[in-house]
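Undergrad: I'd like to ask some things about the structure below.
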Amino acid sequence: MKEFGTGCTGYENWVAQGVDGLFLMCQSNSGAARWGRGDDA
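Take any residue in the sequence shown, note its place counting from 1, add 525, and you have its number in the working numbering.
Okay, here's the thing in structure tokens:
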């Protein structure tokens, strides 16, 4: 379980489930890797 918007360095392009059931994807944006919504990828 991962939290939306938190750091995910080392997990770039991985997927996870958020605590609220969202499908999350680790994406690098502006030099920082963060968990983002998988349906916005």
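Note that the Cβ used here is the ideal one computed from N, Cα and C, for glycine as well.
1) Hey, how far is the Cα of W560 from the Cα of V544?
2) Measure the CB-CB distance between M526 and Q542 and report whether it falls below 9 angstroms.
3) In the DSSP assignment, what are the bridge partners of N554?
4) Would Y536 and A557 qualify as a contact pair, given that the criterion is a beta-carbon distance under 9 angstroms?
TA: According to the data block:
1) 12 angstroms
2) yes
3) A557
4) No.
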